[in-house]
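Worksheet for the structure shown next.
Number of protein chains: 2
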Amino acid sequence: MDAASQAGPGEPVVALPSVADSRLARQLAFILEIDKLKSVLRRSHLADGSRAENDAEHSWHLAMMAVLLGEYAEEEVDTGRVLRMLLVHDLVEIYAGDTFVYDTTAIAEQEARERAAADRLFPQLPRDQAVQLRSLWEEFEARRTPDARFARALDRLQPLILNYATGGGSWLAHGVRAEDVLAHQRVVSEGSQALWEYITHLVGDAVRRGYLAA
Amino acid sequence: MDAASQAGPGEPVVALPSVADSRLARQLAFILEIDKLKSVLRRSHLADGSRAENDAEHSWHLAMMAVLLGEYAEEEVDTGRVLRMLLVHDLVEIYAGDTFVYDTTAIAEQEARERAAADRLFPQLPRDQAVQLRSLWEEFEARRTPDARFARALDRLQPLILNYATGGGSWLAHGVRAEDVLAHQRVVSEGSQALWEYITHLVGDAVRRGYLAA
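One line per chain: the protein sequences are H and P, in this order.
Counting with this note's numbering, you get residues 1027 to 1240 for the letters of the first sequence.
Counting with this note's numbering, you get residues 1027 to 1240 for the letters of the second sequence.
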């Protein structure tokens, strides 16, 4: 296979110039590599319904939610850590792709695919930063700390808001039902009781308005 | 003008359901409003050259750079504050639009447009958070603190990396020259001497390769 056919969609047109400082060179190459997160599409659509959202935009939106909604965290959280976790939490999807939460077959294989992606992605960084970012990702996935539980709650709430704002969006397109949504959203209560209550209210309202099947 | 013709591109299809807690309602309405940042297009293209980057992706990318490049900050910075500043710094462009840095006419009017946008945007939040976010934005704009100088350095470096990675991208499209780039990038040295040195190296290399006019 020649170089041109190896270059999939999302590859930079050219690599960055080499620099004497190999640590800085690795960091900048990683920063360029993660540009690909902007091309990983999600099922959620923008609130105006114009197009699918991508993982980079989603991650920014979650980070803004962490800045604004910290007061509703169930336990005390370190907002700086929550921000870092949210910025990093979807990076593995650069290689593993986005998995639709209601696709049970894909979900079963998701963990293995994402671990393989993490093994490929994070070692591109200098060792200390590879360890730091992988550890934030593992913490987010394990949901055993207050920071991770709150971060996960925001990650669940955000597409719900977009689905509602688009008048049912990917719920109607994929035949998702209220009970599926509530089962999937249930973990939000571990991170924020107040946001979980808001979600049950929003889901009830979505059913009444026909944005979501009962 | 009826409601339908007032709704510009980017308006949510439907508003979020009302909730009894008016503070939470304002916060969530703001979170939905800033979804529009995903539709503010910049001149820079993604590294694979596929399309223009938007402000939300750009903000996420800068935040990742702050996580990874903090060690190069000229003065000690509070990464948590730098992150918040970067997440927020382009929000005013939801109403003011993106201003191309080499468009001198637009740049002259930019400050007034962005102040008007800030007056419209931030008061949509509860008062304490409106003050907090506006103050972060003002600090970024004024560039008088170490956090702001470093944040600004990253904001300058990021499109440079994308322009190089696309083999000249918006430089060639808009007839930008090396001296313009270096004049615009000069402020990076206030935030990070190491990153400024990298920039001069990258610009020299871009000229040699024909990505940028001498």
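Think of the CB as a built atom: it goes at the ideal place given N, C-alpha and C, for glycine as much as any other residue.
Source: prediction; values computed, not measured.
Around the beta carbon of residue 1195 (chain H), a 10 Å sphere encloses 16 or more other beta carbons of the protein chains shown; the residue is thus reported as buried. Chain H has no Cβ within less than 9 Å of the Cβ of residue 1172 (chain P). Taking 7 Å as the cut-off between beta carbons, the residues of the segment 1190 to 1208 of chain H near chain P are 1190, 1191, 1192, 1193, in sequence order. Taking the C-beta atoms as reference points, residue 1072 (chain P) is found no nearer than 9 Å to residue 1081 (chain P). Judged by DSSP secondary structure, residue 1137 (chain H) falls within the alpha helix (DSSP H) whose first and last residues are 1130 to 1147.
Only residues of its own chain outside the window of five on either side were considered, and among them 1204, 1233 have a CB closer than 6 Å to the CB of residue 1240 (chain P), listed in chain order. Of H:1054, H:1041, H:1112, the smallest CA-CA separation from residue 1221 (chain P) is found for H:1054.
Note on residue 1133 (chain P): under 16 other CB atoms within 10 angstroms of its CB, so exposed under the neighbour-count rule.
Looking at the backbone, the Cα of residue 1179 (chain P) and that of residue 1093 (chain P) are separated by about 14 Å. Residue 1084 (chain H) carries a helical assignment under DSSP once its states are collapsed to helix, strand and coil. Across the segment 1081 to 1103 of chain H, CB contacts with chain P closer than 8 Å involve 1082, 1083, 1085, 1086, 1087, 1089, 1090, 1091, 1093, 1094, 1095, 1098, in sequence order along the chain. Taking a beta-carbon distance threshold of 9 Å, residue 1215 (chain H) does not count as an interface residue toward chain P.
Excluding its 5 nearest sequence neighbours in each direction, residue 1193 (chain H) has C-beta neighbours in its own chain below 7 Å: 1237, listed in chain order.
Secondary structure at residue 1161 (chain H): helix, using DSSP grouped into helix, strand and coil. Against chain H, a Cβ distance below 8 Å from residue 1065 (chain P) picks out 1072, 1074, 1076. Around the beta-carbon of residue 1115 (chain P), 16 or more other beta-carbon atoms lie within 10 Å, marking it buried.
For residue 1060 (chain H), the nearest CB of chain P lies under 9 Å from its own CB, placing it at the interface with that chain.
Interface criterion not met: the Cβ of residue 1182 (chain H) is under 9 Å from no Cβ in chain P.
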